[in-house]
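The opening position of the sequence shown corresponds to residue 1 in full-length UniProt numbering, with each subsequent residue numbered one higher.
The beta carbon of each residue, even a glycine, is placed where N, CA and C say it ideally should be.
Working notes, beginning with the structure itself.
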Amino acid sequence: MLKRKSQTKSYNTTLLSIGKIILETHYGHFSREWWIVTKRNINDQATLLVLIRLGMQTLTKLNSYDFIITVLEPNMEISPSPRYQAICYFINNELINGDICTNSSFAITSLYKHLFGTKTKFSGPLVMGFTKRLL
């Protein structure tokens with residue numbers, strides 16, 4: 001049987017703001033919404049628990065443009081999960097705000113689709129550098 005090598009895209013991500021830990025949010029009833037289980041790479045057997053901090057901001061270059069992803073407070077009427085917003089410094093340094101989303105992948109993918117008209121999809125945790133131990 002032919003074993004296919006799995007490839008994972010790597011992004012150059014910079015942590016702009018570490019954000020803050022809110023005890024009730026991060027260790028309370030809905031704490032599972034604020035942690036990500038990930039691996040450093042596809043061959044790594046060990047898993048990492050990564051804390052999603054409120055106000056955390058990361059910078060990643062996609063298609064030669066700067067994308068900043070920010071973790072926002074949840075809307076408790078909808079979900080106790082963090083919300084995300086992607087922004088991009090586009091042509092002539094015009095700031096384009098993406099929609100506020102409950103999923104980091106959708107926040108990045110939808111803004112990218114709006115700007116470039118493509119069907120490219122992104123993994124939010126990967127783009128935000130959660131596999132790189134930024135914190």
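Between the C-alpha atoms of residue i and residue j, what's the straight-line distance to the nearest angstrom?
i           : j      : result
LEU15       : GLN57  : 6 Å
THR47       : PHE90  : 36 Å
ILE108      : GLY129 : 13 Å
LEU111      : ILE68  : 11 Å
ARG37       : LEU49  : The sequence given here has Val at residue 37, not Arg. Distance between the alpha carbons of VAL37 and LEU49 is about 5 Å.
LYS3        : LYS9   : Reliability fails at LYS3, whose pLDDT of 47 lies under 50, so the model's placement of it is uncertain and the value that follows must be treated cautiously. Near 19 Å, if we compare the C-alpha coordinates of LYS9 and LYS3.
ASP99       : GLN45  : 35 Å
residue 223 : GLN85  : Outside the modelled stretch of the chain, which goes from 1 to 135, sits residue 223, for which no answer is possible.
GLU94       : MET76  : 32 Å
PRO125      : PRO74  : 17 Å
THR118      : LEU23  : 40 Å
Identify the continuous alpha helix (DSSP H) that holds residue i and give its terminal residues.
i      : result
GLY124 : 124 to 127
In this structure, what does DSSP give as the bridge partners for residue i?
i           : result
ILE68       : LEU59, ILE87
ASN103      : None, per the DSSP bridge assignment.
residue 136 : Not covered by the structure: residue 136. The range shown for the chain is 1 to 135.
Take residue i and list the residues in its own chain whose beta-carbon comes closer than 7 Å to its own, dropping the five residues that flank it on each side.
i           : result
PHE30       : PRO80
TRP34       : THR25, HIS26, LEU51, ILE52, PRO82
PHE122      : SER105, ILE108, THR109, TYR112
LEU62       : TYR112
residue 140 : Since the first and last residues shown for the chain are 1 and 135, residue 140 lies out of range.
Grab me the residues of residue i's own chain with a C-beta within less than 6 Å of its C-beta, minus the 5 sequence neighbours each way, in chain order.
i      : result
THR60  : TYR11, THR13, PHE67, VAL127
ASN97  : ILE87
PHE116 : none
For the beta strand (DSSP E) containing residue i, name the first residue and the last one.
i     : result
SER17 : 13 to 17
Taking 8 Å as the limit between beta carbons, can you name the residues of its chain near residue i, skipping five residues before and five after?
i     : result
ILE21 : LEU51, ARG53, LEU54
ILE78 : THR102
TYR65 : CYS88, TYR89, PHE90, LEU115
Would you list, in sequence order, the uninterrupted beta strand (DSSP E) runs of no fewer than 3 residues that lie entirely inside the region 19 to 63?
-> Taken in chain order, the whole beta strand (DSSP E) runs of length 3 or more contained in the region 19 to 63 are 35 to 38, 48 to 51, 57 to 62.
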